[in-house]
Amino acid sequence: MGAPLSTWPWDNLGAFKYVLYGPLLAKAIYPFVYQLDGKMEMWCLHILVIFGLRALVHQLWCTFSNMLFLTRNRRILKQGVGFKQIDSEWHWDNFLILQALLAALACYAFPVLRDLPILNWKGFVLALALHMGVSEPLYYWCHRRLHTGHLFTRYHSLHHSSPVPQPFTAGHATPLEHLILSVVMGIPILGASLMGVGSVSLTYSYALVFDFLRCMGHSNVEILPHGLFNTLPFLKHLLYTPTYHSLHHTEMNTNFCLFMPLYDELGNTLNQKSWDLHKKTSSGENDRVPDFVFLAHIVDVLSSLHVPFVLRSLGSVPFAPHIAFLLMWPFAFVSMCFMWALSKTFLCYFYVLRGRYHQTWIVPRYGFQYFIPFATDGINKQIEQAILRADRLGVKVISLAALNKNESLNGGGTLFVKKHPDLRVRVVHGNTLTAAVILNEIPKDCKEVFLTGATSKLGRAIALYLCRKRVRVMMLTLSAERFQTIQREAPAEFQPYLVHVTKYQAAQNCKTWIVGKWLSPREQKWAPPGTYFHQFVVPPIFPFRRDCTYGKLAAMRMPEDVQGLGACEYTLERGVVHACHAGGLVHSLEGWDHHEVGAIDVEKIDIVWNAALKHGLRPV
Numbered sequence: 001m002g003a004p005l006s007t008w009p010w011d012n013l014g015a016f017k018y019v020l021y022g023p024l025l026a027k028a029i030y031p032f033v034y035q036l037d038g039k040m041e042m043w044c045l046h047i048l049v050i051f052g053l054r055a056l057v058h059q060l061w062c063t064f065s066n067m068l069f070l071t072r073n074r075r076i077l078k079q080g081v082g083f084k085q086i087d088s089e090w091h092w093d094n095f096l097i098l099q100a101l102l103a104a105l106a107c108y109a110f111p112v113l114r115d116l117p118i119l120n121w122k123g124f125v126l127a128l129a130l131h132m133g134v135s136e137p138l139y140y141w142c143h144r145r146l147h148t149g150h151l152f153t154r155y156h157s158l159h160h161s162s163p164v165p166q167p168f169t170a171g172h173a174t175p176l177e178h179l180i181l182s183v184v185m186g187i188p189i190l191g192a193s194l195m196g197v198g199s200v201s202l203t204y205s206y207a208l209v210f211d212f213l214r215c216m217g218h219s220n221v222e223i224l225p226h227g228l229f230n231t232l233p234f235l236k237h238l239l240y241t242p243t244y245h246s247l248h249h250t251e252m253n254t255n256f257c258l259f260m261p262l263y264d265e266l267g268n269t270l271n272q273k274s275w276d277l278h279k280k281t282s283s284g285e286n287d288r289v290p291d292f293v294f295l296a297h298i299v300d301v302l303s304s305l306h307v308p309f310v311l312r313s314l315g316s317v318p319f320a321p322h323i324a325f326l327l328m329w330p331f332a333f334v335s336m337c338f339m340w341a342l343s344k345t346f347l348c349y350f351y352v353l354r355g356r357y358h359q360t361w362i363v364p365r366y367g368f369q370y371f372i373p374f375a376t377d378g379i380n381k382q383i384e385q386a387i388l389r390a391d392r393l394g395v396k397v398i399s400l401a402a403l404n405k406n407e408s409l410n411g412g413g414t415l416f417v418k419k420h421p422d423l424r425v426r427v428v429h430g431n432t433l434t435a436a437v438i439l440n441e442i443p444k445d446c447k448e449v450f451l452t453g454a455t456s457k458l459g460r461a462i463a464l465y466l467c468r469k470r471v472r473v474m475m476l477t478l479s480a481e482r483f484q485t486i487q488r489e490a491p492a493e494f495q496p497y498l499v500h501v502t503k504y505q506a507a508q509n510c511k512t513w514i515v516g517k518w519l520s521p522r523e524q525k526w527a528p529p530g531t532y533f534h535q536f537v538v539p540p541i542f543p544f545r546r547d548c549t550y551g552k553l554a555a556m557r558m559p560e561d562v563q564g565l566g567a568c569e570y571t572l573e574r575g576v577v578h579a580c581h582a583g584g585l586v587h588s589l590e591g592w593d594h595h596e597v598g599a600i601d602v603e604k605i606d607i608v609w610n611a612a613l614k615h616g617l618r619p620v
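Letter by letter, the sequence shown follows residues 1 to 620 of the UniProt record's numbering.
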């Protein structure tokens, strides 16, 4: 059994914990239904609104701190936020429920709180004095006590278990800590009210500013310029910075204050590196150049919300339509139009593997745009700008996601390599590993396959590889000339294993289909029962047949020692990335200095596959 007040009493309720707001909601609605004028009921409404706004403050700060395309130069701790931290902070808002219930009890216990005016400026002055003179030293003293012996082990260690401070980390603590924080926060509001100068405006303002500063301190992004403290030196005593607070998480015996470093100075707990580190961080000197970049793209409007800076929790699980996403669809649509106008590639997330820094950038173009003829030039220009930007930064390898390397778009990246022959960054389409993943899914005893999309880059490589293994490949294509071109690439003794077919009926007895072209329900019906559909078509085909098995897009599981990976790649599960992403990763880890663009070199399929396994990547 845990220590008293070390766990939340509604832990077992999960998402049903929000039912605890029910009595407050019912109390707030009651006077509107029966047209009554109830002061207590009105305060229940105020409490609900305040705590809704407080949750919004935390979410907006989390959104900002995870907008890596804006904040990467001023991040304090460079590691990413992993799945373990996201899961542990999933119920970060427990304290809002606790404090809402405490606020309601306070309104019952102190009738004066129900009669507060809308505004009284004297209350702001008194609340500020109470905060500086009572709340700050009380928090400082309690915080230092929580860092000693059993109190730290049983209570405060939970808060420090998050390796990277985030706005949600501010709420990730035990009930005891939040009871203390409730007292610290309540003193200025209650004190001003009992002295007759409280107001509704003060209650809203103090609560929101309090959370704003807490979230700022935990944001892991330095937003306060060092010049501000040079111009106004006294601010160093009155206002902490995110850098200042991050030092408390890395060197825990320093910087205990709530918001005012003055009390650390008086208590001799001020970290002497605080302001030097702040100067370095705020100037952007802490920036780190990635070794590898994966250049992804957005699939559709709804999935564009599946990024860490929108809803971190939903971004950490495989994409699926969710009520939160549906409600935010209008926002996503407006954002899509805005991104079209700006056309700026943005950094989405990063992770560290084998000591190397890897980032995922996103081209703000949606899947359907890649199939609009007049959009081709604009998309290629954006991809080209991303490649040149990576080259300027000193990135070693940039890998192109599915549609960014479309053959009809840029020849699998060939366009950019020919246009810029002096590129230092290696451009990689990753299709060699994609082909390897698909080929290694096929049973070793397979003697015959049916291949659609047979004349594409991947289809060609798969056909040429399988025929060398004496597997009969039925290549579906209407162009006899393109088939013959591929057939002539195979050694003479293996050419008979490549068979040209023009109709799906030819595969009605073949149970291994390799799909590189979209299949309609009518086309899928020609597959015999028990067929396995291996896929490299984007988007993947719909599973219409219940008597068949549908493979997922080629993907690989990341090694166990990957650090800071906290986002799922579209519909893939945690720790799994698309094969083209993994292909670029292998290219970087191996230190290969050639571009991987255009046609796939069949001779390198096994080489790339073995290199991926050597570095700890595994098939899904």
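Heads up, the beta-carbon is just placed ideally off N, CA and C, and yes, glycines get one too.
Here the structure is a predicted model, which is why all the values come from computation and not from measurement.
Buried versus exposed call for residue i [16 or more other C-beta atoms within 10 Å across all chains shown]
i, result
"residue 228", "exposed"
"residue 57", "buried"
"residue 479", "exposed"
"residue 165", "buried"
"residue 272", "exposed"
"residue 121", "exposed"
"residue 278", "buried"
"residue 547", "exposed"
"residue 416", "buried"
"residue 276", "exposed"
"residue 623", "Coverage of the chain is limited to positions 1 through 620, which leaves residue 623 absent and any answer about it impossible."
"residue 141", "exposed"
"residue 82", "buried"
Cβ of residue i within 8 angstroms of any chain B Cβ
i, result
"residue 291", "Protein chains in the displayed structure number just one, and chain B is not present."
Per DSSP, cross-strand counterpart(s) of residue i
i, result
"residue 589", "In DSSP, residue 589 forms no bridge with anything."
"residue 161", "Looking at the DSSP assignment, residue 161 forms no beta bridge with any residue, so it has no partner."
"residue 563", "352"
"residue 103", "None, per the DSSP bridge assignment."
"residue 298", "366"
"residue 359", "293 and 350"
"residue 550", "533"
"residue 512", "532"
"residue 540", "None, per the DSSP bridge assignment."
Closest by C-alpha distance to residue i, when choosing among the options
i, options, result
"residue 119", "196, 155 and 202", "202"
"residue 611", "556, 64, 222 and 548", "556"
"residue 574", "245, 566 and 446", "566"
"residue 625", "126, 241, 514 and 399", "This structure cannot speak to residue 625, because the chain is shown only from 1 to 620."
"residue 493", "470, 263, 88 and 104", "470"
"residue 497", "425, 230, 483 and 503", "483"
"residue 552", "570, 371 and 396", "570"
"residue 319", "211, 245, 186 and 576", "576"
"residue 247", "270, 225 and 266", "270"
"residue 242", "304, 257, 500 and 230", "257"
"residue 19", "505, 94, 529 and 289", "94"
"residue 134", "523, 539, 185 and 415", "185"
"residue 103", "276, 308 and 40", "40"
"residue 425", "331, 541 and 593", "593"
"residue 108", "47, 542 and 306", "47"
"residue 7", "332, 476, 105 and 158", "158"
"residue 321", "331, 334 and 305", "305"
"residue 542", "528, 529, 517 and 561", "517"
"residue 24", "66, 101 and 65", "101"
Beta carbon of residue i nearer than 8 angstroms to that of residue j
i, j, result
"residue 296", "residue 362", "yes"
"residue 160", "residue 252", "yes"
"residue 405", "residue 412", "yes"
"residue 197", "residue 126", "yes"
"residue 456", "residue 407", "yes"
"residue 400", "residue 429", "yes"
"residue 533", "residue 554", "no"
"residue 80", "residue 350", "yes"
"residue 380", "residue 410", "yes"
"residue 598", "residue 292", "no"
"residue 162", "residue 568", "no"
"residue 138", "residue 145", "no"
"residue 130", "residue 188", "yes"
"residue 204", "residue 438", "no"
"residue 504", "residue 523", "yes"
List, from N- to C-terminal side, the alpha helix (DSSP H) runs of 4 residues or more that fit wholly inside the stretch 391 to 421. 407 to 410 and 414 to 419
Taking only runs of the alpha helix (DSSP H) that begin and end inside the UniProt domain "Fatty acid hydroxylase" (129 to 269), which ones reach a length of at least 4 residues, in chain order? 136 to 146, 149 to 154, 175 to 194, 200 to 217, 226 to 231, 235 to 238, 242 to 250 and 262 to 266
Alpha helix (DSSP H) runs contained entirely in the stretch 25 to 72, provided each spans 4 or more residues: 39 to 65 and 68 to 71
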